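Asks: This is the structure, below, for whatever I ask next.
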Amino acid sequence: MIRDVFVLGAGRGLQALAGLVTIRVATDLLTPETMGYVAQTTSLVWLLSWIVVAPVGLYVGRGFLGWLDYGVARMQLMRFLVFVTTAAVASALLVLIVRSCTSIIEGISAVTLAALTLIYMFGFPLQTAGTGCLILLGRRITYVAFGNLAVWGGLLFAVGLFHYFSSPEAWLLGVYLGNVAAAFAFFLVMRVAEKPAGDATGSLPFTVRVVFMFAWPQVLTSVLWWAQSLSYRFVLGEVGGPALVGLFAAGYTVCSGTMQTFEALFNEIYNPKLYRTLADQGQAGLAKAWNEYASAYLPAVVLFGAFLVGMSPFLAKVLLAERYREIVPILFLPALTETLRSMATALHTMGVAKLDMRIIVVPVVVGAILSPLLVYVLGSADPLLGTAVGMFLAYLAVFLVVIPISRRTLPIRWPVGRILGAVLVGIPMIIFGQLLPMAFEATLAISVLALAIGVLYMAGAQYVLARPWLATVRVGKGRK
Numbered sequence: 030m031i032r033d034v035f036v037l038g039a040g041r042g043l044q045a046l047a048g049l050v051t052i053r054v055a056t057d058l059l060t061p062e063t064m065g066y067v068a069q070t071t072s073l074v075w076l077l078s079w080i081v082v083a084p085v086g087l088y089v090g091r092g093f094l095g096w097l098d099y100g101v102a103r104m105q106l107m108r109f110l111v112f113v114t115t116a117a118v119a120s121a122l123l124v125l126i127v128r129s130c131t132s133i134i135e136g137i138s139a140v141t142l143a144a145l146t147l148i149y150m151f152g153f154p155l156q157t158a159g160t161g162c163l164i165l166l167g168r169r170i171t172y173v174a175f176g177n178l179a180v181w182g183g184l185l186f187a188v189g190l191f192h193y194f195s196s197p198e199a200w201l202l203g204v205y206l207g208n209v210a211a212a213f214a215f216f217l218v219m220r221v222a223e224k225p226a227g228d229a230t231g232s233l234p235f236t237v238r239v240v241f242m243f244a245w246p247q248v249l250t251s252v253l254w255w256a257q258s259l260s261y262r263f264v265l266g267e268v269g270g271p272a273l274v275g276l277f278a279a280g281y282t283v284c285s286g287t288m289q290t291f292e293a294l295f296n297e298i299y300n301p302k303l304y305r306t307l308a309d310q311g312q313a314g315l316a317k318a319w320n321e322y323a324s325a326y327l328p329a330v331v332l333f334g335a336f337l338v339g340m341s342p343f344l345a346k347v348l349l350a351e352r353y354r355e356i357v358p359i360l361f362l363p364a365l366t367e368t369l370r371s372m373a374t375a376l377h378t379m380g381v382a383k384l385d386m387r388i389i390v391v392p393v394v395v396g397a398i399l400s401p402l403l404v405y406v407l408g409s410a411d412p413l414l415g416t417a418v419g420m421f422l423a424y425l426a427v428f429l430v431v432i433p434i435s436r437r438t439l440p441i442r443w444p445v446g447r448i449l450g451a452v453l454v455g456i457p458m459i460i461f462g463q464l465l466p467m468a469f470e471a472t473l474a475i476s477v478l479a480l481a482i483g484v485l486y487m488a489g490a491q492y493v494l495a496r497p498w499l500a501t502v503r504v505g506k507g508r509k
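In my numbering, each residue carries its 1-based index in the sequence shown increased by 29.
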């Protein structure tokens, strides 16, 4: 257990470090306007990926171990490879047509945007499917290695290409090439899956009809989630221009990147316990499993959110170049927004528990409507502050909708006491973050020291909160 947690934690830590270094290097090299085009392109290819290939990749992960047992894994992975290649070409052609007919992402030509789409849509799905299968096989060190190859390799490629070409497309090409390099994980899994061909009868079918029925609710949800979380990059571009998109996106990423890394690490540690608890459970058992999960997850997220609120000025000092620090005074709003978003994802876990993802539709519809609308209305008055307030209000509405839906879905209870306890424990970090700049100039050295103190306090508090459940968690051994 300890070794597993250490390997996964170290891997996530290195990936998080790569993400933070990437933010700093990108803001050093890219102007806010260039960053705006990078952010918009990234949002576009993410949308295409979530619509076209991500749901199929999830299906592959769901069926992989069963296919391996039946001796048909290699055949099914080959089908996925053909699908990804076809989807990448089709997506590139679609982007070429749309960019040629509209003014979307004006800083990058139609042909270049299509080429970037092709590279991303090929490399990223194969990299994620490959690493996902590796962790299912129990090959945690290999999983960590390829996951880090994607981010660190992408950073090195991006810096090298930008050094010679100094353009947003050069930076993006470098980042996407990191995914292509890490896609070798997929082909490694195909080698592992080399077994005498078996009979697929009885295994999870990999047909167009079955995959479509599995994927379409996720496609719909992904589109709505994109509208809720990333459409601001295009709405803000309309009301404020690409430079403000780059400025806001860089600041928001400081909060979202760190929060998402924390979520991923928490889930990697806790999910084995969660899925074992969910096995063969009735309504009462599912509610008990969710209550235990929420009692562990929600206080941890709230405490980490307090860390982000208090430490965001120091994170910005370390991670953002000087020309991006105009965003610092309002970074507490993205920190609060990310905390609400993370808490609302507990409903997604409930959907997994009930094998019914329809319960998440109403919240994402609310967010998909309110987020771009509020960003447009409030951002027209004040592009940066208005966008931050608009997104915060949208996510607050989503969270308020999640609470009654969760209670109607299962006889659960929200761990209000533990959440309030996490708030109380987190308040000293917020006060510390506000008072320190009043006593000392927020130099780089002071910021690093403040972050070190904040991390130590937060880590200790997280451990105290986690002790009731941490001893019950055992990371699965997987397959060798």
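Ideal Cβ positions, reconstructed from N, Cα and C, are used throughout, including at glycine.
Being a predicted model, the structure only gives us computed values, none of them experimental.
Is arginine 1 helix, strand or coil when you go by DSSP?
Replies: The requested residue 1 does not occur in the structure, where the chain is confined to residues 30 to 509.
Asks: In whole angstroms, what is the alpha-carbon distance linking valine 504 and leucine 315?
Replies: The residue given as residue 504 occupies position 475 in the sequence shown. The residue given as residue 315 occupies position 286 in the sequence shown. Any reading at valine 504 must be qualified, since the residue scores a pLDDT of 48, below 50, and its modelled position is unreliable; no value is offered.
Asks: Beta-carbon within less than 8 Å of methionine 150's beta-carbon, same chain only, minus the 5 sequence neighbours each way: which residues are those?
Replies: Here residue 150 refers to the residue found at position 121 of the sequence shown. Hits under 8 Å: Val74, Leu77, Ser78, Val81, Val82, Val113, Ala116, Ala117, Ser120, Ala121.
Asks: Using 8 Å as the threshold, is the region 352-368 in touch with the region 206-225, meaning 3 or more CB pairs across them?
Replies: no
Asks: Could you check whether alanine 279 and arginine 262 sit closer than 9 Å to each other, using their CB atoms as the reference points?
Replies: Walking along the sequence shown from the start, residue 262 turns up at place 233. Walking along the sequence shown from the start, residue 279 turns up at place 250. No, they are not a contact pair.
Asks: Does DSSP classify glycine 136 as helix, strand or coil?
Replies: The residue you call residue 136 lines up with position 107 of the sequence shown. Note: glycine 136 maps to coil in three-state DSSP.
Asks: Beta carbon of serine 251, beta carbon of proline 84: below 9 Å?
Replies: Position 222 of the sequence shown, counting from 1, holds the residue named residue 251. Position 55 of the sequence shown, counting from 1, holds the residue named residue 84. The answer is yes: Cβ separation under 9 Å.
Asks: Just checking, does the region 162-177 make contact with the region 202-219 on the three C-beta pairs under 8 Å criterion?
Replies: yes
Asks: How far does the alpha helix (DSSP H) with aspartate 98 in it reach, from first residue to last?
Replies: Stepping through the sequence shown from its first residue, residue 98 is reached at position 69. Where aspartate 98 is concerned, the enclosing alpha helix (DSSP H) starts and stops at 83-99.
Asks: For isoleucine 80, which of helix, strand or coil comes out of DSSP?
Replies: One-based indexing of the sequence shown puts residue 80 at position 51. Isoleucine 80 falls in the helix class under three-state DSSP.
Asks: Of all the options Met458, Gly415, Arg370, Pro342, which has the alpha carbon lying nearest to the alpha carbon of proline 358?
Replies: Position 329 of the sequence shown, counted from the start, is the residue given in the question as residue 358. The shortest Cα separation from proline 358 among Met458, Gly415, Arg370, Pro342 belongs to Pro342.
Asks: What is the residue span of the alpha helix (DSSP H) that isoleucine 389 lies within?
Replies: Within the sequence shown, numbered from 1, the residue matching residue 389 stands at position 360. Run containing isoleucine 389: none; DSSP gives neither H nor E here.
Asks: Using three-state DSSP, classify threonine 472 as helix, strand or coil.
Replies: Along the sequence shown, one-based indexing puts residue 472 at 443. Correct three-state label for threonine 472: coil.
Asks: At the level of alpha carbons, what is the spacing between leucine 202 and alanine 426?
Replies: Counting from 1 along the sequence shown, the entry for residue 202 is found at position 173. Counting from 1 along the sequence shown, the entry for residue 426 is found at position 397. When rounded, the distance between both Cα atoms is 37 Å.
Asks: If the criterion is Cβ atoms closer than 9 Å, does the pair leucine 303 and alanine 318 meet it?
Replies: The residue given as residue 303 occupies position 274 in the sequence shown. The residue given as residue 318 occupies position 289 in the sequence shown. Taking 9 Å as the Cβ cut-off, leucine 303 and alanine 318 qualify as a contacting pair.
Asks: Answer yes or no: do alanine 187 and glycine 207 have a C-beta to C-beta separation smaller than 9 Å?
Replies: For the purposes of this step, residue 187 is taken as the residue at position 158 of the sequence shown. For the purposes of this step, residue 207 is taken as the residue at position 178 of the sequence shown. Against a cut-off of 9 Å, the Cβ pair of glycine 207 and alanine 187 comes out as a contact.
Asks: Let me know the secondary structure DSSP gives arginine 508 once reduced to three states.
Replies: Taking the first residue of the sequence shown as position 1, residue 508 is located at position 479. Summary for arginine 508: the model assigns pLDDT 46, below 50, so the residue's position carries little reliability; its value from the coordinates is reported in the next sentence. Three-state result, arginine 508: coil.
Asks: Is the region 453-464 touching the region 486-503, taking contact as three or more C-beta pairs under 8 Å?
Replies: As far as the Cβ criterion goes, the region 453-464 touches the region 486-503, which means the pair count is three or higher.
Asks: Using the Cβ count rule (16 or more neighbours within 10 Å means buried), how would you classify lysine 509?
Replies: Indexing the sequence shown from 1 puts residue 509 at position 480. Model confidence at lysine 509 stands at a pLDDT of 40, short of 50, so the residue's coordinates are unreliable and nothing is read from them.
Asks: Can you round the beta-carbon distance between glycine 48 and valine 248 to whole angstroms, since I take them to be within the 8 Å contact cut?
Replies: In the sequence shown, counting from the first residue as 1, residue 48 sits at position 19. In the sequence shown, counting from the first residue as 1, residue 248 sits at position 219. Between valine 248 and glycine 48 the Cβ distance is about 27 Å, and since that is not below 8 Å, they are no contact.
Asks: Give, in chain order, every unbroken run of the alpha helix (DSSP H) that is at least 4 residues long and sits entirely within the region 412-489.
Replies: Given a length threshold of 4 residues, each whole run of the alpha helix (DSSP H) inside the region 412-489 is given here in chain order: 412-438, 445-468.
Asks: Quick one: give me the first and last residue of the alpha helix (DSSP H) that threonine 131 is part of.
Replies: As a working note, residue 131 is residue 102 in the sequence shown. Segment: none, threonine 131 is in no alpha helix (DSSP H) and carries neither H nor E.
Asks: Check this for me: beta carbons of alanine 471 and leucine 480, under 9 Å apart or not?
Replies: As a first step, residue 471 is located in the sequence shown; it is residue number 442 there, counting from the start. As a first step, residue 480 is located in the sequence shown; it is residue number 451 there, counting from the start. Against a cut-off of 9 Å, the Cβ pair of leucine 480 and alanine 471 comes out as no contact.
Asks: Start and end of the alpha helix (DSSP H) containing alanine 364?
Replies: In the sequence shown, counting from the first residue as 1, residue 364 sits at position 335. Looking at the DSSP string, the run of the alpha helix (DSSP H) that includes alanine 364 is 361-373.
Asks: Using beta-carbon positions only, say whether valine 67 and isoleucine 148 come within less than 9 Å of one another.
Replies: Here residue 67 refers to the residue found at position 38 when the sequence shown is read from its first residue. Here residue 148 refers to the residue found at position 119 when the sequence shown is read from its first residue. No, the pair does not count as a contact, with Cβ atoms beyond the cut-off.
Asks: Report buried or exposed for methionine 420, applying the criterion of at least 16 other Cβ atoms within 10 angstroms of its Cβ.
Replies: Here residue 420 corresponds to residue number 391 of the sequence shown, with the count starting at 1. Answer is buried; the Cβ neighbour count reaches 16.
Asks: Looking only at its chain, what residues have a beta carbon closer than 7 Å to the beta carbon of phenylalanine 295, apart from the 5 residues adjacent to it on each side?
Replies: Position 266 of the sequence shown, counting from 1, holds the residue named residue 295. Counting only Cβ-Cβ distances below 7 Å, and skipping sequence neighbours, we find Tyr326, Ala329.
Asks: Quick one, are the C-beta atoms of leucine 332 and alanine 500 less than 9 Å apart?
Replies: As a first step, residue 332 is located in the sequence shown; it is residue number 303 there, counting from the start. As a first step, residue 500 is located in the sequence shown; it is residue number 471 there, counting from the start. Not a contact, by the Cβ cut-off of 9 Å.
Asks: Would you identify the three-state DSSP class for glycine 311, choosing helix, strand or coil?
Replies: Position 282 of the sequence shown holds residue 311. Glycine 311 falls in the coil class under three-state DSSP.
Asks: Assuming glycine 189 is part of the alpha helix (DSSP H), what are its boundary residues?
Replies: One-based indexing of the sequence shown puts residue 189 at position 160. Residues 169-194.
Asks: Give the secondary structure of alanine 212 by DSSP, where H, G and I count as helix, E and B as strand, and everything else as coil.
Replies: Looking up residue 212 in the sequence shown gives position 183. In the structure shown, the three-state DSSP call for alanine 212 is coil.
Asks: Have a look at alanine 244 and tyrosine 88 and give me their C-alpha separation to the nearest angstrom.
Replies: Counted from its first residue, the sequence shown places residue 244 at position 215. Counted from its first residue, the sequence shown places residue 88 at position 59. C-alpha separation (whole angstroms): 8 Å.
Asks: Can valine 264 and alanine 345 be called in contact, C-beta distance under 9 Å?
Replies: Translated into positions along the sequence shown, residue 264 becomes position 235. Translated into positions along the sequence shown, residue 345 becomes position 316. Cβ distance not < 9 Å, so valine 264 and alanine 345 don't count as in contact.
Asks: Give me, in chain order, the residues of the same chain whose beta-carbon lies closer than 7 Å to that of alanine 212; leave out the 5 immediate sequence neighbours on both sides.
Replies: Along the sequence shown, one-based indexing puts residue 212 at 183. If we look at alanine 212 and ignore the five residues flanking it on each side, its Cβ neighbours are Gly152, Leu155, Gln156, Gly159.
Asks: Can you list, in chain order, the residues of its chain with a C-beta nearer than 7 Å to that of isoleucine 133? Leave out the 5 residues immediately preceding and following it.
Replies: For the purposes of this step, residue 133 is identified with residue 104 of the sequence shown, where counting begins at 1. Result list for isoleucine 133: Val127, in chain order.
Asks: If we call anything under 9 Å between Cβ atoms a contact, is glycine 40 one with arginine 169?
Replies: In the sequence shown, the residue the question calls residue 40 occupies position 11. In the sequence shown, the residue the question calls residue 169 occupies position 140. For glycine 40 and arginine 169, yes; Cβs fall inside 9 Å.
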